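Structure first, commentary second.
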Amino acid sequence: MMLDKAKKLVRFYEEVLEMPHRTEVARELRDQDDMFLLLLYSEMIGIPNPVYYYTLELYPHIIEDFHDWHLRMGMDKSPLTGIRCC
Amino acid sequence: MNAILVAILGLAVFVLGYRYYSKFIAERIYRLDPNYVTPAHKYKDGVDFVPTNKFVLWGHHFTSVAGAAPILGPAIAVYWGWLPAFLWVVLGTVFAAGIHDFGTLALSVRNKGQSIGTIAEKFIGRRGKILFLFIILTLVLMINAVFAWVIANLFITYPASIVPVFIQIPLAIWIGYAAYKRNVRMLVPSLLALAVMYLGAIVTAEVSWLQIDLVSYMGGEEAAGLFGLGSVSTAFMIWIVILLIYVYIASTLPVWKLLQPRDFINSHQLTVGLIIMYAGLLLTNPTISAPATNGDADTSWLPLLFITIACGAISGFHGLVSSGTSSKQLDKETDARFVGYFGAVGEGILALISILAVVTLFNSADEFTATYSSFNEANATGLGNFVEGAAVLAGGLGIPENVATTIVSIIVVSFAATTLDTSVRLMRYIIAEIGSEYKVQPLTKKHVATSVAVVSTAALVLIPEGPNGFGSGGYLIWPLFGTSNQLLAGISLLLISIWLKRRGINYIATLIPMIFLLFMTLYAMFVQVFFEWAWYAEESNLLLFILGAIIFVFSIWIIITSIQALSGKFDDELEKYRND
Numbered sequence: 001m002m003l004d005k006a007k008k009l010v011r012f013y014e015e016v017l018e019m020p021h022r023t024e025v026a027r028e029l030r031d032q033d034d035m036f037l038l039l040l041y042s043e044m045i046g047i048p049n050p051v052y053y054y055t056l057e058l059y060p061h062i063i064e065d066f067h068d069w070h071l072r073m074g075m076d077k078s079p080l081t082g083i084r085c086c
Numbered sequence: 001m002n003a004i005l006v007a008i009l010g011l012a013v014f015v016l017g018y019r020y021y022s023k024f025i026a027e028r029i030y031r032l033d034p035n036y037v038t039p040a041h042k043y044k045d046g047v048d049f050v051p052t053n054k055f056v057l058w059g060h061h062f063t064s065v066a067g068a069a070p071i072l073g074p075a076i077a078v079y080w081g082w083l084p085a086f087l088w089v090v091l092g093t094v095f096a097a098g099i100h101d102f103g104t105l106a107l108s109v110r111n112k113g114q115s116i117g118t119i120a121e122k123f124i125g126r127r128g129k130i131l132f133l134f135i136i137l138t139l140v141l142m143i144n145a146v147f148a149w150v151i152a153n154l155f156i157t158y159p160a161s162i163v164p165v166f167i168q169i170p171l172a173i174w175i176g177y178a179a180y181k182r183n184v185r186m187l188v189p190s191l192l193a194l195a196v197m198y199l200g201a202i203v204t205a206e207v208s209w210l211q212i213d214l215v216s217y218m219g220g221e222e223a224a225g226l227f228g229l230g231s232v233s234t235a236f237m238i239w240i241v242i243l244l245i246y247v248y249i250a251s252t253l254p255v256w257k258l259l260q261p262r263d264f265i266n267s268h269q270l271t272v273g274l275i276i277m278y279a280g281l282l283l284t285n286p287t288i289s290a291p292a293t294n295g296d297a298d299t300s301w302l303p304l305l306f307i308t309i310a311c312g313a314i315s316g317f318h319g320l321v322s323s324g325t326s327s328k329q330l331d332k333e334t335d336a337r338f339v340g341y342f343g344a345v346g347e348g349i350l351a352l353i354s355i356l357a358v359v360t361l362f363n364s365a366d367e368f369t370a371t372y373s374s375f376n377e378a379n380a381t382g383l384g385n386f387v388e389g390a391a392v393l394a395g396g397l398g399i400p401e402n403v404a405t406t407i408v409s410i411i412v413v414s415f416a417a418t419t420l421d422t423s424v425r426l427m428r429y430i431i432a433e434i435g436s437e438y439k440v441q442p443l444t445k446k447h448v449a450t451s452v453a454v455v456s457t458a459a460l461v462l463i464p465e466g467p468n469g470f471g472s473g474g475y476l477i478w479p480l481f482g483t484s485n486q487l488l489a490g491i492s493l494l495l496i497s498i499w500l501k502r503r504g505i506n507y508i509a510t511l512i513p514m515i516f517l518l519f520m521t522l523y524a525m526f527v528q529v530f531f532e533w534a535w536y537a538e539e540s541n542l543l544l545f546i547l548g549a550i551i552f553v554f555s556i557w558i559i560i561t562s563i564q565a566l567s568g569k570f571d572d573e574l575e576k577y578r579n580d
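Same order as they appear, the protein sequences are chains C and P.
All residue numbers for the first sequence refer to the working numbering, where the first residue is 1 and numbers rise by one.
All residue numbers for the second sequence refer to the working numbering, where the first residue is 1 and numbers rise by one.
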């Protein structure tokens, strides 16, 4: 009983301290993801991309992410007519 | 007077304040709604907007706002006796800081989790935003200068703390990498790091050759140093330059590499420090030897007391944390009361123990008066007295005094270093934003903005000739730091008042602390700028005069804007904003 409470307290303490770090790591990973998306679909914003034909195969998999991305950037509707996520 | 009794009295007022006053504010004034969809849910993205348990969020909020400032301010302000400092910390926390921290959180939650700066732009236009940026700029500049000086001062006074403090840097980088690259949990490694630091402290407290005492290397306090300066001044210069080089590197690194893991270790230190000091207070049962009031003060407590204790009574900086991060993670709107108000109470508890550590240190009132002989002396020795006093309290737990002194000084240096790192980083962002606002492209570059931040800090801390000679300019600006911090709090309270007025709610609870703060800030600025630093004054100081005058103009500007805003001049804009 006592041990359970102590464990709970330690978990709580750890969660408090990890909170800001978790945010930063998530942000770093998200930035990397955004960069990856940009590399895949740079053609859409006018940067020539020789492998666009192949990366386009991933297109159906990113629609959901793309929707989150434009919401995150403060745009309520999709800014690209090519991607009609909403 | 028994110190435990005073502590219990203070804590009891905090409990009553939280239990009754904050409940009244939550229900009748801010009118929190448990069903309101908070930004954490509405914009949930797993990064910034994350609904978080209120206890976890409180813990994070408290560790973000608690630092060296709520320790330093009270340790200086006891110069006017323990009673005024005690009353201001207790009543300020209950009636001003709680309302402010809670209010900025509630205001931000109702405004998409936006920061106070963005809300200011909406409420009082672009001029409001730019004014706001400049005020934060002066605030962080003061913080940089004060804390660079404070750390250098502690390094010179407690040379045993230097090696453990520097050991923390590689340990933090190692933890940061382990957590980021290999997804290792941080709790155990950070506790190990803390253990290594404190073991280091035990060793350096005993082994004199591990104490990097620059002054004694140069042949003692009377000896000559470099560039025609005395040895103490040279030591200050060397440490300040090293610190500024460190902070340049630290503040340009990604946050997860050094700042975050160091914060992680420091949060343990905050917990350890608070437990040790309050447990020590209970076990040693000390008597307050300092006088309740100081009748022979060379500087009047009115208005300086309210500027000297900023963090710990009320601090504008908390509003930046409330509105910048905590508001994006609030699960339910009603949690704002616990996170915001109780966060301010946590800071008050830290300030309270800082007062008690200092006023129980001395054997008699005469000894106290001899140490706190003038306001300048209080500024110079306040933090050192806190370190000694906290070490005596820790002695109650059986920790040898020299080890306790070293550990307390490590805790204070660690807090101050994190504050320095964060505020240089913040200054870089603000310089970049001002650069883009006025279309000065180079200022938006990371290294240019950081260089401007570091060089201006160096100028501020090294150029003014303090009473203790070269390098002691830092503590002259402590009141200026308090002033800009209070100004920020004043504007935040103003924004909350406007928000309440627009909702048709009686805003007297936020208006009174706002008027009080702005009046005290203006009064203090007026006396300092025009009677102490102006070119015709006895101790004229042109640099401080110019800085002070700029902040003074800002204050006047805000008063005018606040009268306009509250009398409804911006109501049309607000109406438009409300309809958005």
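Backbone N, C-alpha and C define an ideal beta-carbon position, used for all residues, glycine too.
Keep in mind it's a predicted model, so treat the numbers as computed, not measured.
Spanning the alpha carbons of A3(P) and T360(P) requires a straight line of approximately 7 Å.
The three-state secondary structure of G220(P), taken from DSSP, is coil. Among the residues of the region 2 to 36 of chain C, those with a Cβ less than 8 Å away from any Cβ of chain P are V10, F12, Y13, E14, E15, V16, L17, E18, M19, P20, H21, T23, E24, V25, A26, R27, E28, R30, in the order of the chain.
Residues of the region 166 to 182 of chain P whose Cβ lies closer than 7 Å to any Cβ of chain C, in chain order: A179, Y180. When C-beta distances to chain P are compared with 8 Å, the residues of the region 51 to 71 of chain C below that value are D68, L71, in chain order.
In the DSSP annotation of this structure, the continuous segment of the alpha helix (DSSP H) that includes M525(P) starts and ends at 508 to 527. Residues of chain C with a Cβ closer than 8 Å to the Cβ of L253(P) do not exist; the shortest Cβ-Cβ separation is about 12 Å.
In its chain, beyond the 5 residues on either side, L171, I265 have a beta carbon closer than 6 Å to the beta carbon of A193(P).
A370(P) and E377(P) have their alpha carbons spaced roughly 10 Å apart. In terms of beta-carbon proximity, H318(P) stays away from the interface with chain C, with every pair separated by 8 Å or more. The Cβ atoms of L547(P) and L480(P) sit closer than 8 Å to each other. In this model, G348(P) and W82(P) are separated by some 15 Å (Cα to Cα).
In this model, R428(P) and A449(P) are separated by some 5 Å (Cα to Cα). Remark: C-beta atoms of I202(P) and V403(P) approach each other more closely than 8 Å. Chain C has a Cβ within less than 8 Å of the Cβ of L187(P). Sorting V207(P), A313(P), A357(P), I505(P) by C-alpha distance to the C-alpha of G343(P) places A313(P) at the top. Contact annotation, V89(P) with I434(P): C-beta distance approximately 34 Å; criterion of less than 8 Å not satisfied.
Just measuring C-alpha positions, the residue of A417(P), W557(P), V412(P) sitting nearest I130(P) is W557(P). When DSSP reads this structure, G395(P) sits in no beta bridge, so it has no partner. Annotation: S64(P) to I245(P) spans about 24 Å, alpha carbon to alpha carbon. DSSP, reduced to helix, strand and coil, places L462(P) within a helical segment of the structure shown. Nearest to S315(P) by C-alpha distance, out of A524(P), P513(P), W80(P), is P513(P). Using a Cβ-Cβ cut-off of 8 Å, D421(P) does not count as an interface residue toward chain C, since no Cβ of chain C sits closer than that to its own. Scanning its chain for C-beta atoms nearer than 8 Å, with the 5 sequence neighbours on each side dropped, one finds around T293(P) the residues W80, G81, L83, P84, in chain order. Scanning E64(C), I63(C), Y41(C), G46(C) for the CA closest to the CA of Y53(C) turns up Y41(C).
Counting along the chain, S323(P) sits inside the alpha helix (DSSP H) bounded by residues 316 to 324. Annotation for P34(P): no alpha helix (DSSP H) segment contains it, and DSSP assigns it neither H nor E. Using a Cβ-Cβ cut-off of 8 Å, T521(P) does not count as an interface residue toward chain C, since no Cβ of chain C sits closer than that to its own.
Distance check between S326(P) and each of E27(P), G17(P), V50(P) places V50(P) closest, using alpha-carbon atoms only. Bounds of the alpha helix (DSSP H) holding N144(P) are 116 to 157. Straight-line spacing of the CA atoms in V392(P) and W478(P) works out to 26 Å. For E532(P), there is no enclosing alpha helix (DSSP H), as DSSP marks it with neither H nor E.
Remark: three or more beta-carbon pairs, one from each stretch, lie closer than 8 Å, so the region 173 to 187 of chain P and the region 249 to 264 of chain P are flagged as touching. Around the Cβ of I116(P), a 10 Å sphere holds 16 or more other Cβ atoms; the residue is buried.
At a C-beta separation below 7 Å, D331(P) has no neighbours in chain C, since its nearest C-beta there lies roughly 13 Å away.
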